[in-house]
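Participant: The structure follows.
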Amino acid sequence: MTMKEHVLITGGAGFLGSHFVNHVVPKYPQMDFLVIDKLNYASGFNTHLIKVGGYSNYEFIEFDLSKDFDKLLEIVESHHITQVINFAAESCVDKSFKDPIFFTMNNILSTQYLLECCRLVEWEIKFLHISTDEVYGEQENTVDEKGILNPTNPYAATKASCDLIIQSYIYSYKLPISIIRSNNVYGLGQYPEKIIPMVIDVLNKRLKGGDDKIPIHGDGHYKRTYLYISDFLKGVELIWGKQMGGECFGQVYNICGDDDYEISNLELIKLICGGFDMDYRECIEFVDDRNYNDSRYLLNCDKIKQLGWEPKIGLKLGLSKIIQSI
Numbered sequence: 021m022t023m024k025e026h027v028l029i030t031g032g033a034g035f036l037g038s039h040f041v042n043h044v045v046p047k048y049p050q051m052d053f054l055v056i057d058k059l060n061y062a063s064g065f066n067t068h069l070i071k072v073g074g075y076s077n078y079e080f081i082e083f084d085l086s087k088d089f090d091k092l093l094e095i096v097e098s099h100h101i102t103q104v105i106n107f108a109a110e111s112c113v114d115k116s117f118k119d120p121i122f123f124t125m126n127n128i129l130s131t132q133y134l135l136e137c138c139r140l141v142e143w144e145i146k147f148l149h150i151s152t153d154e155v156y157g158e159q160e161n162t163v164d165e166k167g168i169l170n171p172t173n174p175y176a177a178t179k180a181s182c183d184l185i186i187q188s189y190i191y192s193y194k195l196p197i198s199i200i201r202s203n204n205v206y207g208l209g210q211y212p213e214k215i216i217p218m219v220i221d222v223l224n225k226r227l228k229g230g231d232d233k234i235p236i237h238g239d240g241h242y243k244r245t246y247l248y249i250s251d252f253l254k255g256v257e258l259i260w261g262k263q264m265g266g267e268c269f270g271q272v273y274n275i276c277g278d279d280d281y282e283i284s285n286l287e288l289i290k291l292i293c294g295g296f297d298m299d300y301r302e303c304i305e306f307v308d309d310r311n312y313n314d315s316r317y318l319l320n321c322d323k324i325k326q327l328g329w330e331p332k333i334g335l336k337l338g339l340s341k342i343i344q345s346i
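Its first residue numbered 21, the sequence shown is counted upward by one per residue in the working numbering.
Next up, the structure:
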C-alpha cells in the first residue's frame with residue numbers, strides 16, 4: 021500500500037508560493053498540503069490570491085519559521101510531513117541593506133530549522149529548496165550550477181548561506197534535498213517592491229491622476245533576466261516530480277529565461293510605459309544607487325533543459341498578460 025504524501029509548503033502565501041499552492045492543490049487531490057507563512061507585509065498582500073481554501077487536502081497555519089523550533093518540529097511530526105518545498109524568505113534587497121541582521125535571522129534560521137526537522141524525525145522527508153541566481157553574484161559570462169557562490173548584498177548572502185548549509189546536510193546526514201536557483205520571476209499578484217509590479221503600480225496611479233514617479237537606481241543600465249511565473253512553476257513541478265520518483269537528490273538546477281529576455285532596468289521601464297501608452301521620460305526619476313548593484317546575472321540552464329523544460333512566455337508577452345488583466 022502506498023503511503024499518502026503530506027507536503028509542507030513554506031512561504032506559501034508569498035508571490036511564488038501562492039501561485040504554486042494554487043497550481044498543485046487541485047491537481048494532486050491524493051496529497052495533503054500544509055501551507056505555512058508568517059504573513060508579513062508582502063505575503064499578507066497575497067493572501068487573496070490563494071484560491072484553494074475550500075479544498076479538503078489544504079490546510080494553512082500562520083507561523084514564523086524562525087521563531088520557535090520546537091513548535092515547528094511538533095507541526096512536522098503531527099502532520100507526518102513527507103515532503104518540504106521551501107519558498108520562505110525575505111527577498112527585498114533594498115530592505116536587506118537597511119537591516120541585514122533581520123535577514124540573517126529570518127532566512128537562515130528558517131531554513132536550518134526546517135532541515136533539523138527533516139534530520140530528527142524517524143522517517144524520510146524529501147526537501148526542495150527555492151534559491152536565487154543572486155547567490156552567484158555579478159556575472160559577465162553565463163554560470164552553471166557548479167559556479168562559485170559570490171553574493172554581493174545581504175539578501176543574497178543569506179540565500180547563499182542557506183545553500184551551503186543545505187549542502188552540509190546532504191553530505192553529513194544524507195538528506196534527500198534538491199535546490200532550484202531562478203532568475204527574477206514576475207507575474208500577477210507580486211508585491212510592488214519588485215521592479216515590474218512597482219512600475220505598473222506607479223503607472224496605474226498616474227492613470228488616476230497621480231504624479232508618482234518611477235525611481236531608477238543609478239543610470240538604469242543594470243541588466244536582469246526575467247522569468248514568467250508559469251514557466252517557473254513548470255520548472256519547480258518538474259524537479260519536484262523527479263524527487264517523488266527518487267531522482268535529483270543532491271542536485272542544483274538553474275531556471276532562467278533565454279538570453280533575449282535580458283534587459284536593462286531603463287529599457288524595461290520603457291517597455292512597460294509603452295504598454296500604457298505613456299512617455300517614460302515623464303514618469304521616471306533617477307535616485308541614488310544601491311550600496312552595491314550587480315550589473316547582470318547570467319545563468320546557464322542547460323541542465324534542467326535536458327530534462328525537457330523550456331521557458332515558453334517571453335518578456336513582452338508576459339508583460340502584456342499582466343497589463344491586460346488590470
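Cβ atoms here follow ideal geometry from the backbone N, Cα and C, with glycine treated the same way.
1) Is there contact between the stretch 116-126 and the stretch 172-180, where contact requires at least three CB pairs shorter than 8 Å?
2) Where does TYR281 fall in DSSP's three states?
3) Just to confirm my understanding: we take VAL163, look at its own chain, exclude 5 residues before and 5 after, and list those with CB closer than 7 Å. What are they?
4) Give the single residue among LEU223, HIS39, LYS341 and ARG310 whose Cα lies nearest to the Cα of LYS118.
5) Kindly indicate which three-state DSSP category LYS115 falls into: helix, strand or coil?
6) For the pair the stretch 136-148 and the stretch 293-302, tell me if three or more CB-CB distances fall below 8 Å.
7) Is TYR246 buried or exposed, if buried means 16 or more other CB atoms sit within 10 Å of its CB?
8) Could you give the C-beta distance for LEU85 and ILE56, rounded to a whole number, given that I count them as a contact under 8 Å?
9) Verify whether the separation of the beta carbon atoms of LEU59 and LEU28 is less than 8 Å.
10) Kindly indicate the opening and closing residues of the alpha helix (DSSP H) around PRO120.
11) Exposed or buried, ASP251, counting other C-beta atoms within 10 Å across all chains shown (16 or more means buried)?
12) If you run the structure through DSSP and keep just helix, strand and coil, what is ILE342?
13) Taking the Cβ atom as the reference point for each residue, do CYS303 and VAL222 lie within a distance shorter than 8 Å?
14) My output table needs one value for GLU306: the three-state DSSP class, helix, strand or coil.
15) Counting pairs of Cβ atoms below 8 Å between the stretch 233-247 and the stretch 181-188, do you hit three or more?
16) If you check the beta carbons only, do SER198 and GLN271 fall under 8 Å apart?
17) Does DSSP classify THR30 as helix, strand or coil?
18) Can you give me the Cβ contacts of ILE190 inside the same chain, cut-off strictly under 8 Å, excluding the 5 residues immediately before and after it?
19) Where does MET21 land, buried or exposed, given buried means 16+ other C-beta within 10 angstroms?
20) Flag this pair as yes or no: are the beta carbons of ILE200 and LEU148 separated by less than 8 Å?
21) Given a threshold of 16 other Cβ atoms within 10 Å of its Cβ, counted over all protein chains shown, does GLY37 qualify as buried or as exposed?
22) May I have the straight-line CA-CA distance separating VAL219 from SER111, to the nearest angstrom?
23) Does TYR312 pass the burial test, meaning 16 or more other C-beta atoms within 10 Å, or should it be called exposed?
24) Using the rule of at least 16 other Cβ atoms within 10 Å of the residue's Cβ for burial, across every protein chain shown, is GLN263 buried or exposed?
25) Using CA coordinates, which residue listed in ILE216, TYR206, LEU327 and ILE324 is at the minimum distance from ILE289?
26) For GLU82, which residues from the same chain have a beta carbon less than 6 Å from its beta carbon, with the 5 sequence-adjacent residues on both sides left out?
27) Quick check on the DSSP output: the alpha helix (DSSP H) that includes ASP322 runs from which residue to which?
28) On the premise that LYS243 lies in contact with SER284, defined as a C-beta separation below 8 Å, what is that separation, rounded to the nearest angstrom?
29) Taking 7 Å as the limit between beta carbons, can you name the residues of its chain near ASN170, skipping five residues before and five after?
30) Kindly give me the distance between the Cβ atoms of TRP329 and ILE105, rounded to whole angstroms, as I take these residues to be in contact under 8 Å.
31) Hey, how far is the Cα of PHE80 from the Cα of ARG301?
32) Can you check whether the CB of ALA108 is closer than 8 Å to the CB of GLY209?
33) If you check the beta carbons only, do GLN103 and LYS166 fall under 8 Å apart?
Facilitator: So, to answer that:
1) yes
2) Locating residue 281 in the sequence shown gives position 261, where the first residue counts as 1. Correct three-state label for TYR281: helix.
3) In the sequence shown, the residue the question calls residue 163 occupies position 143. Excluding positions up to five away in sequence, the list reads TYR156, LEU318, LEU319 and ASN320.
4) In the sequence shown, residue 118 corresponds to position 98, counting from 1. Nearest option by C-alpha distance: ARG310.
5) Translated into the one-based positions of the sequence shown, residue 115 becomes position 95. LYS115: helix per DSSP, three-state reduction.
6) no
7) For the purposes of this step, residue 246 is taken as the residue at position 226 of the sequence shown. So TYR246 counts as buried.
8) The residue labelled residue 85 in the question sits at position 65 within the sequence shown. The residue labelled residue 56 in the question sits at position 36 within the sequence shown. Correct: roughly 7 Å between the Cβ atoms.
9) Here residue 59 refers to the residue found at position 39 of the sequence shown. Here residue 28 refers to the residue found at position 8 of the sequence shown. No, these two residues do not count as a Cβ contact at 8 Å.
10) Position 100 of the sequence shown holds residue 120. Run containing PRO120: 120-123, per the alpha helix (DSSP H) assignment.
11) For the purposes of this step, residue 251 is identified with residue 231 of the sequence shown, where counting begins at 1. With 16 or more Cβ atoms within 10 Å of its Cβ, ASP251 is classed as buried.
12) As a working mapping, residue 342 is identified with position 322 in the sequence shown. Reduced to three states, the DSSP call for ILE342 is helix.
13) Numbered from its first residue, the sequence shown carries residue 303 at position 283. Numbered from its first residue, the sequence shown carries residue 222 at position 202. Contact: yes.
14) In the sequence shown, counting from the first residue as 1, residue 306 sits at position 286. According to the sequence provided, residue 306 is Phe. The question's Glu does not apply to it. In this structure, PHE306 counts as strand in the three-state DSSP scheme.
15) no
16) Numbered from its first residue, the sequence shown carries residue 198 at position 178. Numbered from its first residue, the sequence shown carries residue 271 at position 251. Going by C-beta atoms, SER198 is nearer than 8 Å to GLN271.
17) To locate residue 30, count along the sequence shown from 1; it is residue 10. Correct three-state label for THR30: strand.
18) On the sequence shown, residue 190 is found 170 positions in, with the first residue counted as 1. Correct list, in chain order: ILE197, PHE269 and GLY270.
19) Reading the sequence shown from its first residue, position 1 is the one you call residue 21. Residue placement at MET21 is flagged as unreliable, the pLDDT there being 45, under the threshold of 50; the coordinate-derived value follows with that caveat. When all chains shown are included, MET21 counts as exposed.
20) Along the sequence shown, read from residue 1 onward, the residue named residue 200 stands at position 180. Along the sequence shown, read from residue 1 onward, the residue named residue 148 stands at position 128. It is a contact, given that the beta carbons lie within the stated cut-off.
21) By one-based count along the sequence shown, residue 37 stands at place 17. So GLY37 ends up on the buried side.
22) Here residue 219 refers to the residue found at position 199 when the sequence shown is read from its first residue. Here residue 111 refers to the residue found at position 91 when the sequence shown is read from its first residue. One C-alpha to the other measures close to 18 Å.
23) Here the question's residue 312 lines up with position 292 in the sequence shown. Per the 10 Å Cβ criterion, exposed.
24) The residue labelled residue 263 in the question sits at position 243 within the sequence shown. That one is buried.
25) What you label residue 289 is simply residue 269 of the sequence shown in a count that begins at 1. Nearest C-alpha to ILE289: ILE216.
26) Taking the first residue of the sequence shown as position 1, residue 82 is located at position 62. Within the same chain, GLU82 has close Cβ partners LEU59.
27) Locating residue 322 in the sequence shown gives position 302, where the first residue counts as 1. Looking at the DSSP string, the run of the alpha helix (DSSP H) that includes ASP322 is 322-325.
28) Taking the first residue of the sequence shown as position 1, residue 284 is located at position 264. Taking the first residue of the sequence shown as position 1, residue 243 is located at position 223. Right, the Cβ-Cβ distance comes to about 5 Å (below 8 Å), so this counts as a contact.
29) Counting from one through the sequence shown, the residue named residue 170 turns up at place 150. Answer for ASN170: TYR156 and GLY157, listed in chain order.
30) One-based indexing of the sequence shown puts residue 329 at position 309. One-based indexing of the sequence shown puts residue 105 at position 85. Wrong, their Cβ atoms sit about 17 Å apart, outside the cutoff.
31) Here residue 80 refers to the residue found at position 60 when the sequence shown is read from its first residue. Here residue 301 refers to the residue found at position 281 when the sequence shown is read from its first residue. Rounded to whole angstroms, PHE80 to ARG301 spans 45 Å at the Cα level.
32) If you number the sequence shown from 1, residue 209 lands on position 189. If you number the sequence shown from 1, residue 108 lands on position 88. Going by C-beta atoms, GLY209 is not nearer than 8 Å to ALA108.
33) Locating residue 103 in the sequence shown gives position 83, counting from the first residue. Locating residue 166 in the sequence shown gives position 146, counting from the first residue. No, they are not a contact pair.
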